[in-house]
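As structure tokens, the structure follows; a few thoughts come after it.
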Amino acid sequence: MTRPIRIAILGSTGRLGRAITAAILDSSDCQLVGAMVRSESSFAGHDIGEILERRPIGVAAETHLEDAVENADLVIDSSLPVATIAAAQRLASLGGPALVTGVTGMTSQQEEMLAAAAQRIPVLHASNFSLGVAVAEALVAQAAALPARDWDIEISETHHKMKADAPSGTAVMLGRAAAKKRGIFLEEAAIWSREGSMGPRETGTIGFASSRGGSIVGEHSVRFIAELEEITISHRAFDRRIFANGALEAARWLFADGAGRQPGLYTMQNVVAG
């Protein structure tokens, strides 16, 4: 019988981190062996099981990366961009373990730093761990093959009122999938917001709109609009557990039956492709 995948969690007490941690504890093929929190966190030193209001599991929330990942096959990160990059660079210098990260809101410089770390260790970066969103991304790329002169692209997203970044990382990811298919850079085509008198819509641009309110987990819609018809590709998350379950699927894929993947930067498209 194959042994469980030994996983450490960074950002273990956040909204997503808690969901991923719970999914690991409920899994038969994954084992939680480490967890990391900020040095000033009130959870530092406490048993992760007790933090989740479960029985103690003998894994304390550490404040130093090396202590948290000492026995791990891979690390799942759900922290913030600055912490993610620091962890990726340190893991790369240590030669592992592999990293699965779902952080959003990275700058282009931070994305370059993550890619540099991926030259030394396997890194899977996903703006959204949902397998459904990964399928939606593939469909968006397929639809974006339609002529830009005839089909306008508009992307809208809605999230809970506590979400800090806008547009969401998932919305940007979907926009990039469309832009790449059209052979353009999203940064050159994107209209991030609209206000006042902007004049007619320019051919080939990709519009974005964001809404925040309540406790909505996540809704994304990509509209391909022509004169006489429209294609809409939508995804709605009902429960945060889809992200946790997807993160574990990413971990299983990255661990690759115990052998592990080669260093490189991977995405959820690799996971759904098998």
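Plus 921 on top of the position in the sequence shown (first one is 1) and you've got the numbering used here.
In this text, a Cβ means the ideal position worked out from N, Cα and C, and glycines have one as well.
query: Residue 1019: which of 1040, 1154, 1000, 1004 sits nearest, CA to CA?; result: 1040
query: Do residue 1193 and residue 1052 come within 8 Å of each other at the CB atom, strictly closer than that value?; result: yes
query: Which term fits residue 1121, buried or exposed, when burial requires 16 or more other beta carbons within 10 angstroms of its beta carbon?; result: exposed
query: Under the DSSP definition of a beta bridge, which residues are partnered with residue 956?; result: 930, 982
query: For residue 1191, which residues in the same chain have their Cβ closer than 8 Å to its Cβ, ignoring the five residues on either side in sequence?; result: 1045, 1174
query: Compute the distance between the beta-carbons of residue 1057 and residue 1154, then report whether it is under 8 Å.; result: yes
query: What does a CB cutoff of less than 7 Å around residue 922 pick up in its chain, not counting 5 residues either side in sequence?; result: Low local confidence applies: a pLDDT of 48 at residue 922 is under 50, so the model's placement there is unreliable, and no value is given.
query: Curious, which full-length beta strand (DSSP E) runs of at least 3 residues does the stretch 1155-1190 contain?; result: 1185-1187
query: Could you please give the first and the last residue of the uninterrupted alpha helix (DSSP H) stretch that includes residue 973?; result: No alpha helix (DSSP H) holds residue 973; DSSP gives it neither H nor E.
query: Along the chain, where does the beta strand (DSSP E) containing residue 1130 start, and where does it finish?; result: 1127-1133
query: Is the beta carbon of residue 1169 closer than 8 Å to that of residue 948?; result: yes
query: Name the residue from 1023, 978, 1037, 1059 whose alpha carbon lies nearest to the alpha carbon of residue 952.; result: 978
query: Buried or exposed for residue 1159, please, with buried defined as at least 16 other CB atoms from any protein chain shown within 10 angstroms of its CB.; result: exposed
query: Can you check which of these residues, 945, 1005, 941, is closest to residue 959 by C-alpha distance?; result: 1005
query: Do residue 977 and the ligand GDP come close, with the Cβ less than 7 Å from some heavy atom?; result: Judged by which ligands are present, the structure shown has none, so any question about the ligand GDP falls away.
query: Is there contact here, the stretch 968-977 with the stretch 995-1003, by at least three beta-carbon pairs under 8 Å?; result: no
query: For the beta strand (DSSP E) that contains residue 1079, what are its first and last residues?; result: 1073-1080
query: For residue 1143, which option in 1091, 1119, 1165, 1181 has the closest C-alpha, if you only look at C-alpha atoms?; result: 1091
query: Below 8 Å between beta carbons: does that hold for residue 929 and residue 1021?; result: no
query: For the beta strand (DSSP E) containing residue 1150, list its first residue and its last residue.; result: Run containing residue 1150: none; DSSP gives neither H nor E here.
query: Using DSSP bridges, identify the partner residues of residue 968.; result: 981
query: Measuring only the C-alpha atoms, how far is residue 1124 from residue 1188?; result: 30 Å
query: By DSSP's criteria, residue 1013 is part of a beta bridge. Which residues make up the other side?; result: Answer by DSSP bridge pairing: none, since residue 1013 is not bridged.
query: At which residues does the alpha helix (DSSP H) containing residue 995 begin and terminate?; result: Taken as a continuous stretch (DSSP letters only), residue 995 belongs to no alpha helix (DSSP H), being part of the beta strand (DSSP E) at 995-998.
query: Nearest-angstrom Cα distance between residue 1097 and residue 1059?; result: 11 Å
query: Does residue 1132 pass the burial test, meaning 16 or more other C-beta atoms within 10 Å, or should it be called exposed?; result: exposed
query: With a threshold of 16 other CB atoms inside 10 Å of the CB of residue 1008, please say whether the residue is buried or exposed.; result: buried
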